[in-house]
Amino acid sequence: MEAGTTYIFGKGGALITYTWPPNDRPSTRMDRLAVGFSTHQRSAVLVRVDSASGLGDYLQLHIDQGTVGVIFNVGTDDITIDEPNAIVSDGKYHVVRFTRSGGNATLQVDSWPVNERYPAGNFDNERLAIARQRIPYRLGRVVDEWLLDKGRQLTIFNSQAAIKIGGRDQGRPFQGQVSGLYYNGLKVLALAAESDPNVRTEGHLRLVGEGPSVLLSAETTATTLLADMATTIMEVIRESSSTTGMVVGIVAAAALCILILLYAMYKYRNRDEGSYQVDQSRNYISNSAQSNGAVVKEKAPAAPKTPSKAKKNKDKEYYV
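Counting from 47, one number per residue, gives the positions in the sequence shown under the working numbering.
So this is what it looks like as C-alpha cells:
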C-alpha cells in the first residue's frame, strides 16, 4: 500500500462519503479497516460503514472518553471491542487496525497488544444440535437449510452501501487529521483526492497531501525512505548553496572596504609627500641665493646718543 493521503477535518465538522454503485455492493464475511489519525477530541466518530437501507448492518470506529472503540452489527446484537489503555486524544499520531471475521473481531492501537473479541455462542449451537436430533427426518433438511441461512445472516455484512469518514452525519464530528484510510482494499481518502465520482465531500475539509501509511510493504517502505533521503539531501544542498552565496557576498564586501581604505591611505600619503617637496623647494631656493653672494640686509641697532650737547650747555653756563 502506498503512502496514504491526508485530510484535515476542521472545527465545523466535515464528511467524506464513498458510495458503492447499487449493482456493485459487496457482502463480506471478513472486513479489514486501518487508519491513522491525530486529534485532541475525547468523543467523535471517525469511520462508519452502513449496509443498504432496511438491512441494519453497520460497522463504526469511534473515540469515546479519549480511547478507541469499534461497534458492529451483522444481524445479531451489537458487538463492541475497544482498547482502554491507549489514550488517543493527546494530539499525537496514532494507528488503528481492526479485523472482523463473522462475529469475531480484533483491534490494535499503535504497538499495544492485539485485543480479541469472541462473542459467546457455542452454548446456543449445542442446544440447536440437540434439538436437531429430535426433529423428524423429513423436516431435517428444511431445518438444516434454515440454520445455514441463519448462520450466513449472523456472520455476513450484507450489501454494504456507503463508507462515511468524519462523523458529521452522526452528530459527533471528528476534528483533526486523518491519514491513509484503508477498508477492504479501498483507499477512500486517495479516491477523494482524485475526485472519484463515487466520493462526495462536504464541510470544513482540507487536503494536506501525502501522509504516513498504515499498511506498508517492505519495498514501499524502502522506496519512501529513499525518497525522503533524496528530499533531505536536496534541501541540504540548497541550504549549502545559500550559505556559500552569503559567504561570498561577505568576502566581496570586505574586499571592497579594504580597497577603499588602501586608496584613502594612498591619497593621504601623496598629499604629505607634496607638502614635503614644497618645503624642500623653498629651502633649496634660499640656500642657492646665499651661495651666489647675496646678503640679507638686517636692520642695524640704533647707536647711543653722545653727550656732546649736554657738554656744550655746561660750557655755556660756565662762560656766562
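Idealized CB from N, CA, C, for every residue including glycine.
Thinking C-beta only, is residue 114 closer than 7 Å to residue 142?
yes
Identify whether residue 139 lies in helix, strand or coil by the three-state DSSP scheme.
coil
For my contact list, residue 211 and residue 234 are in at a C-beta cut-off of 8 Å; report their separation, rounded to the angstrom.
6 Å
Within the continuous beta strand (DSSP E) that includes residue 224, where are the two ends?
222 to 229
Leaving out five residues before and five after residue 117 in sequence, what residues of the same chain have Cβ atoms less than 6 Å from its Cβ?
106, 124 and 126
According to DSSP, is residue 268 helix, strand or coil?
Residue placement at residue 268 is flagged as unreliable, the pLDDT there being 43, under the threshold of 50; a coordinate-derived value is accordingly withheld.
For residue 112, which residues from the same chain have a beta carbon less than 7 Å from its beta carbon, with the 5 sequence-adjacent residues on both sides left out?
88, 133, 134 and 135
Would you report the Cα separation of residue 41 and residue 155, rounded to the nearest angstrom?
Residue 41 is absent from the structure shown; the chain starts at 47 and stops at 366.
Give the DSSP bridge partners of residue 161, in chain order.
153
I need the straight-line Cα distance from residue 146 to residue 77, nearest angstrom please.
5 Å
Nearest by alpha-carbon distance to residue 62: which of 315, 298, 225 and 313 is it?
225
Could you say which of 98, 91, 140 and 85 lies nearest to residue 69 if we only look at CA atoms?
98
Rounded separation between residue 90 and residue 241 - CA only:
26 Å
Do residue 204 and residue 65 have their C-beta atoms within less than 7 Å of each other?
no
Using alpha carbons as the reference points, say which of 150, 72 and 161 lies closest to residue 122.
150
Can you tell me whether residue 207 is buried or exposed? The criterion is at least 16 other CB atoms within 10 Å of its CB, across all chains shown.
buried
Closest Cα partner of residue 138 within the set 158, 129 and 85:
85
In the structure shown, what three-state DSSP assignment does residue 201 receive?
helix
Going by Cα to Cα distance, which pick from 144, 165 and 102 is closest to residue 159?
144
Please determine, among 228, 230 and 213, the residue with the shortest C-alpha to C-alpha distance to residue 251.
213
Write down the C-beta distance between residue 219 and residue 59 rounded to the nearest angstrom, noting that I regard them as a contact closer than 8 Å.
3 Å
Spatial neighbours of residue 314 within its chain, please: CB distance less than 8 Å, with the 5 preceding and 5 following residues excluded, ordered by chain position.
none
Here's the rule I'm using: 16 or more other beta-carbon atoms within 10 Å means buried, otherwise exposed. How should residue 345 be labelled?
Confidence at residue 345 is low in this model, with a pLDDT of 46, below 50, so the placement of that residue should be treated as unreliable; the coordinate-derived value is given next. Under this definition residue 345 is an exposed residue.
Which stretch, first to last residue, makes up the beta strand (DSSP E) that contains residue 207?
206 to 211
Taking a contact to mean a Cβ-Cβ separation below 7 Å, would you say residue 55 touches residue 216 in this structure?
no
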